[in-house]
Amino acid sequence: MEDISLKVLPLDPGDIGTQRCRMGPMLMAYLGLKIGSPVLITTPGFDCLCTAWPRSDLAEGFLQFDSKCATADFTSLSYRNFSVSRSQMTALTCPKLKNVIIKTVLKTMGFKNSLSPNLIHDLVKDILKGTYVSEKHIVNVSHLETPIQLVVIECLDLSSSGGGLITAKTSISIQEIQTHNRYKSQQFRMSSISLGGMEDVFASLKEILNLPLLYPRTLQKLGLSHPKNVLLIGPPGVGKTMLVRSVVQEVGASLVTISGPVILGSRPGESEENLRGVFLQAKEASSEGPCVLFIDEIDSLCPKRASSSNAPENRIVAQLLTLMDGIGRDHHFVVIGATNQPDALDPALRRAGRFDREVIIGVPTLHQRKSILELLSSKMTLSSNVDLVALAEMTTGFVGADLSTLCREAALHAILRGSQGADSYSIDMQHFLEALKKVQPSCLRSSIGLTEFKPLSWDQIGGLEDVKLKMKQSIEWPMKFPEAFVRLGLSRPRGILLYGPPGCAKTTLVKAAASSTHCAFLSVSGADLFSPFVGDSEKILAQLFRQARACAPSILFLDEIDTLFGSREDSRGHSVQARVLSVLLNEMDGVGLKAAERRGSERQLCLPEGSIDLCPEQQMDYHEVCNKDVIIVAASNRPDVLDTALLRPGRLDKIIFVPPPDLEARRAILQICTEKMPLEADMSLEELAQQTHLFSGADLENLCKEAALMTLQYEGMDAPKIKHEYFQRSFQNMKPSLNAQQLDHYKHLFTS
Amino acid sequence: MSKSEFLSLHQALKRSFQNLEQNQKLWNGMLAECSPLMVSLGNLAEQLHALQNVQLERTPLKGFPDLRERLRFKLLQAVDTVMEKLYEKMAALQAVRDAVSNQAAAVFQLYTQHADALDMATCLQRSATCPSVADMLEWLQDAERHYQWELLKRKALLQMLKPGDLAYLQTSPKRWESLSNRGRDDIITETLCRVALFRESQ
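Sequence lines, in order, name chains B and D. All residue numbers for the first sequence refer to the working numbering, where the first residue is 1 and numbers rise by one. All residue numbers for the second sequence refer to the working numbering, where the first residue is 1001 and numbers rise by one.
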């Protein structure tokens, strides 16, 4: 007989809890089953032990079974398209059992406290009488109105793998009594969440939870009270909540969570009551094993009391503080708070005894990004050309959440744009690159300086070969060849100042530099920075630097820096500019970073002797160590008014003069400007370049435009080509924007 | 197919259904006797509760020494007596359950003994007057399970009663009532009706 699949239907209400399995009589005969004899149904998800009964309508091809005794506790089985094939059902011989060892799961903690083990034993014995059981199966008895929710069969006295029948004579020994919550939290332990790049933080959290559990006596002997509470600090999306969940599952602790909206009540005193209730709940859960009370977004629940004049809010903070102090001797109860604004927390919360430890999780570094990507892509089918190291390098400033979005986008691309009809989709590098255009790092989303620009290559800038080389040296090389920099003990410049007459491609040069390296590019103008409120501008600038550092390596571009900051000498009193300048000086070369900005663990490099060839892994190390700063690129056409403190080495230490184009450069610029213009054969760019002494790049571009416009003006809209004559005419109409005196001034600025 | 085994199985089934009818009467009688006991238990709980709240110093009874303790002792004694009676009833109920369960087990034993001789078609043969063997076995098992669950629920309820937990004690009569009026009591009556013709047939 061929293997027929049986359609599984929901159970008749009358059969619930009877352990019956309804099937057609033909099937029963085929499987050699008698009425009421045990049958084991094996499906991919679970096994289920039932007794065979004919369907009352005697129809074949359908199956209804009661999952009273199954390997998994499934209450929400989807009957849609669920079928069992005939080969998945086997008849069992179930002898009567003499002994059985079980674990009892009670509905609530209250029952556990009030019922004595003897009573539970009697109840369980009555409940299990006449039930067919098998090892590691779970008997669900929640439909009976007794305190017992589940019975887990731990061990039978049979050596065979089959099942057995529990009779009145079977001796039942209860190994453990648990509550349902605890049981559920232990079940989740099997399916752990995996985390990338957080091994050290994970280990330290795990230690805090496990220490009192594994070595209670040692701790007692030493008179140690273990660290109870941990505060996790880190930017949004970095995986704080995920970390807590995965640690909790790894340790097998039960998790109680607090969230602001659930706690806050409308009546006075209600919120405090709720808070107390949650702590009580955690306390109850902790009597059974380790327990974690997780307060997500603790800053919303516990803001600074001084700054808010809101009495109810202050009361909640006070209640939380007293509760955390009063945890007392409950050893398995750890409070973990998570926040992305540690400064907004009430300072009383951040003392030892309340939050003993503060764990800072920074924006992931290159290594961490790579391990996160590896983890995310482990379940995806990647084609061989996907280079995760390169992806990790490109995704500066991405946090875990961004990276998972990136992978999802890439997968979506692969499905949507992939070959239609093909069954196997594989994601290749192209899909990731497409996705990268859509996904922005979340630390830059709210940033003020984020700018979009068309990528520009170095070749699109005419001339200036010398300047280009210097720019490449100071921006591109440290990113591309970090190992060479380390080998020669070279540190990269902190800041670069481009100065020169207006219109000579300073801004364009920076754009080209930004697009040649895959790093975040932030640009600030006065409009972003200055605000009518006192102290606001400084705050904005400091925040800008913080964000830039979070997604380092990054380029921070300050155009027209002279107007932004000026000099302290000629300004009277405390102007905004002077204050902003002091912030800038501090951020560029201050004492250190804020503690909350720490990223990853500090890595030290040991230099390999002699060998120059490096594996990609080592190269990543170099990359990570060398490029963790922000490069400041400033542009100005009046460097003489800048503050001298800005120009000293260590701040803007690389000062590059961008000269007006010389003859060669002018020719190159004209070449690029007229690239898309149809020119008459008599046109000589050489001649034009010779004539246009003291013309800047911008002037030359304008000249070409004028010539093209004149062509349209005099020859009509269908003019095919631009004649040399028009270039000459527009040249006569224009004056160079530079003069010799100006140039002299620039030349002697830093040489004298 | 052997006729004799089939007939003996029918005989056994017939006997067990007759027993079931008697047991049902016994069971219902016992349950009816339990209800007033539960009500009096609820009353006692009410009195205990009232005793806890009343301020005897303000009543004319203040002259009696240790009145509260004495009253409390009396009430608790009464609770104990009622509980004792209830446990007696429970023992009787358990006896009924055991009887039904033994009957069912015996019939099943007989079936499994002759299972090889009886093929599926014979077991499923049914007529207007005589239900199939499979159906009858099922009904018998249902009846057994019904008694077992009913007993279990009541036992669990009684076991969770404690003199200290007055609120629970006060609500216990209601809980007891809610256990029985679920419409599942009819299952036995229904079964007996279904097999009425079979039982009368010779």
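Quick reminder that beta carbons are idealized off the backbone N, C-alpha and C, glycines included.
Taking each of Lys676/B, Thr381/B, Pro661/B, Lys7/B in turn and checking the Cα distance to Ser696/B, the smallest one comes out for Pro661/B. With three or more CB-CB distances shorter than 8 angstroms, the segment 728–740 of chain B counts as touching the segment 696–711 of chain B. Straight across, the Cα-Cα distance linking Ser1004/D with Leu1118/D is about 11 angstroms. When the beta-carbon positions are compared, Leu1013/D and Met1120/D stay at least 8 angstroms from each other. Here Lys103/B is not near Leu165/B, since their CB atoms are 8 angstroms or more apart.
Between Leu556/B and Ile632/B, the beta carbon gap of about 5 angstroms places them in contact (Cβ cut-off 8 angstroms). Judged by DSSP in its simplified three-state form, Gln1125/D adopts coil rather than helix or strand.
Around the beta carbon of Leu205/B, 16 or more other beta carbons sit within 10 angstroms, so the residue counts as buried. Counting every other CB atom within 10 Å of its CB across the protein chains shown gives Lys112/B a total of 16 or more, marking it as buried. Taking every protein chain shown into account, the CB of Lys676/B has fewer than 16 other CB atoms within 10 angstroms, so this residue is exposed.
Per the coordinates, the alpha-carbon of Glu706/B lies some 15 angstroms from the alpha-carbon of Leu685/B. Under the 8 angstroms criterion on CB atoms, Ala59/B is classed as non-interfacial with respect to chain D. A check of alpha carbon separations from Leu1152/D across Glu154/B, Ser171/B, Val152/B, Lys129/B identifies Lys129/B as the nearest. Within chain B, the residues placing a beta-carbon under 7 angstroms from that of Gln1159/D are Leu119, ordered along the chain. One finds Tyr1111, Thr1112, Ala1115, Asp1116, Leu1118, Met1120, Cys1123 in chain D with Cβ atoms closer than 9 angstroms to the Cβ of Lys34/B, taken in chain order. With 16 or more other Cβ atoms inside 10 Å of its own Cβ, Leu382/B counts as buried. Taking a cut-off of 8 angstroms on C-beta distances, the segment 1025–1038 of chain D touches the segment 1074–1089 of chain D, as three or more cross pairs fall below it.
Three or more Cβ pairs closer than 8 angstroms define a contact, and the segment 288–302 of chain B meets that threshold against the segment 228–247 of chain B. In the three-state DSSP reduction, Lys654/B falls in the strand class (E or B). Identification of chain B residues near Ala1134/D by a Cβ-Cβ cut-off of 8 angstroms yields Ile35, Trp53, Pro54, ordered along the chain. Residues Asp559 of the same chain have their beta carbon placed closer than 7 angstroms to that of Ser525/B, with the five preceding and five following residues left out of the count. Assigned with DSSP and collapsed to three states, Val486/B falls in helix.
Counting other Cβ atoms within 10 Å of its Cβ, Thr365/B reaches 16 or more and is therefore classed as buried. Contact between Phe62/B and Cys21/B is absent: CB atoms are separated by about 11 angstroms, not below the 8 angstroms threshold. Under DSSP, Pro38/B takes part in a beta bridge, and its partners are Thr51/B. The DSSP-derived three-state label of Val100/B is strand.
Excluding five sequence positions before and after Arg1072/D, the CB atoms of its chain that fall closer than 8 angstroms to its own CB belong to Leu1048, Leu1051, given in chain order. For the segment 1133–1157 of chain D, residues whose beta-carbon sits nearer than 9 angstroms to a beta-carbon of chain B comprise Val1133, Ala1134, Asp1135, Leu1137, Glu1138, Gln1141, Asp1142, Glu1144, Arg1145, Gln1148, Trp1149, Leu1151, Leu1152, Lys1153, Lys1155, Ala1156, Leu1157. DSSP places Gln149/B within a strand segment (E or B) once states are collapsed to three. DSSP lists Leu165/B as the beta-bridge partner residues of Tyr132/B. Beyond the five residues adjoining it in sequence on each side, Gln1094/D comes within less than 8 angstroms, by CB distance, of Leu1151 in the same chain, given in chain order.
In the three-state scheme derived from DSSP, where H, G and I count as helix and E and B as strand, Cys504/B is classed as coil. Spanning the alpha carbons of Thr395/B and Ser371/B requires a straight line of approximately 13 angstroms. Under the three-state reduction of DSSP output, Gln1055/D falls in the coil class, being neither helix nor strand. For Phe1017/D, none of the residues of chain B pass the 8 angstroms Cβ criterion, the least Cβ distance being about 17 angstroms. Close CB contacts of Pro1131/D within its chain, under the 7 angstroms cut and outside five residues either way in sequence, are with Arg1194, Val1195, Phe1198 (chain order).
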